[in-house]
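Under the working numbering, the first residue of the sequence shown is numbered 4, with each subsequent residue one higher. Where is the CB? At the ideal position from N, CA and C, for every residue including glycine. Treat the numbers as computed from the prediction; the structure is a model and nothing was measured. Structure first, then comments.
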Amino acid sequence: MQRLDYSDTGEGPPVVLLHAFPFSRAMWDADAQRCASIARVIAPDLPGFGLSPRLPQPSISRMAGAVLGLIDELRVHEPVIVGGLSMGGYVAFDMMRQAPERIRALGLFATRASADTPQQREAREALIERIRREGFKGPAQRLRETLLGSTSLASRPELAEQVDRWLQMANPYGVMDALHAMANRRDAAAMLPTLTCPALVIAGEEDTIIPVEEVRAMADRIPGAMFEMMPQSGHLVNLEQPQLFQAALERFLRHHAEPASVQ
Ligand code: MLT
């Protein structure tokens, strides 16, 4: 089985938080601390990131399988709340496809259900080639400009530096694996109207990677989903609007984290 490194913080109903590309579980540290009094927050490093080894055959489905394996390994038998940011959301959708009975509620943050378009796939393949030729340093710099919103770029130098440090820590091979995995992921859009679990959908007002209109349209297709927009935030909604994001997550957890028997 694919082993994943992870953090496990707090006590209460289990919540699994899945990080964005090309970061690690470190991006959830503040959220896990804030929610520790109401939930047990498990945050894995997805394969090829942080301290988790790469997958022999990278794919979003295998990443999802590895997270389900971790939940088993931790002997979490009750259904979990899964929250994923961007690539983490792609993994969350695949967990839902593979094991809907293991998921009690979904958090979908700055993510999309649709697969890559041919143009997006081509862009990822070109980026893989570039990283293979030149390494990840140059592309990482450009990525930082697109990940953060204009407000954060103009007014949060400490956050930009933190994002830079994380980008520099990413393993270029893990990055190429994930680009390949994302380019070839399944389309989950047909699943949206069939979702019966509670869902919290969050978008960033200034997100240029997955624009707010697209995230809102996804939320509209999920029966009963709650939608929140983080103002003056780019793609990294939990880092760019930490207080608003954590408050929204906490409200959602408080509401949906009761044991299944009392729901
Ligand atoms: C992410 O933030 O996880 C990625 O930008 C997602 C993507 O490239 O599709």
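Residue i Cβ short of 8 Å to the ligand MLT heavy atom set
{"i": "PHE96", "result": "no"}
{"i": "PHE24", "result": "yes"}
{"i": "GLY237", "result": "no"}
{"i": "ALA202", "result": "no"}
{"i": "LEU88", "result": "yes"}
{"i": "ILE212", "result": "yes"}
{"i": "GLY53", "result": "no"}
{"i": "MET185", "result": "yes"}
{"i": "ALA163", "result": "no"}
{"i": "ALA35", "result": "no"}
Three-state class that DSSP yields for residue i in the structure shown
{"i": "ARG107", "result": "strand"}
{"i": "VAL166", "result": "helix"}
{"i": "LEU88", "result": "strand"}
{"i": "VAL240", "result": "helix"}
{"i": "GLN266", "result": "Summary for GLN266: the model assigns pLDDT 37, below 50, so the residue's position carries little reliability, and this model does not support an answer."}
{"i": "ILE45", "result": "strand"}
{"i": "GLU137", "result": "helix"}
{"i": "LEU73", "result": "helix"}
{"i": "PRO82", "result": "coil"}
{"i": "PRO142", "result": "helix"}
Option in the options with minimal Cα separation from residue i
{"i": "ARG189", "options": "ALA118, ILE74, ALA67", "result": "ALA118"}
{"i": "GLY51", "options": "PRO59, TYR93, ALA192", "result": "PRO59"}
{"i": "ALA129", "options": "ARG78, ALA35, ALA108, HIS183", "result": "HIS183"}
{"i": "GLU14", "options": "THR120, ALA33, SER40", "result": "SER40"}
{"i": "LEU73", "options": "MET179, LYS140, MET4", "result": "MET4"}
{"i": "ALA35", "options": "ASP11, PRO25, ASP48, GLY53", "result": "ASP11"}
{"i": "MET185", "options": "GLY141, MET90, ALA173, ASP210", "result": "MET90"}
{"i": "PHE139", "options": "PRO121, PRO160, THR154, ARG168", "result": "ARG168"}
Residue i beta carbon near the ligand ADP (any heavy atom closer than 8 Å)
{"i": "LEU151", "result": "The ligand ADP is absent from the structure shown, which contains only the ligand MLT."}
Beta-carbon proximity list for residue i, same chain, < 8 Å, skipping 5 on both sides
{"i": "GLU253", "result": "ARG37, CYS38, ILE41"}
{"i": "TYR176", "result": "GLY51, ARG57"}
{"i": "GLN101", "result": "SER64, ALA67, GLY68, LEU71"}
{"i": "ALA263", "result": "Its pLDDT being 46, under 50, ALA263 is placed unreliably by the model, and nothing is read from it."}
{"i": "MET30", "result": "HIS22, ALA23, LEU88, TRP169, LEU239, ASN241, LEU242"}
{"i": "ASP48", "result": "LEU7, ASP8, TYR9, HIS22, SER27, ARG28, LEU54, SER55"}
Neighbourhood of residue i by C-beta, 6 Å cutoff - its chain only, sequence neighbours within 5 removed
{"i": "VAL19", "result": "ILE45, VAL83, VAL85"}
Chain-order list of residues whose beta-carbon lies under 7 Å from that of residue i (same chain, five-residue window excluded)
{"i": "GLN266", "result": "Caution is warranted here: a pLDDT of 37 is assigned to GLN266, below 50, making its placement in the model unreliable, and the coordinate value is therefore given only provisionally. Within the same chain, GLN266 has no close Cβ partners at all."}
{"i": "LEU146", "result": "LEU170"}
{"i": "MET232", "result": "ALA206, GLU208, VAL215"}
{"i": "GLU217", "result": "ARG115"}
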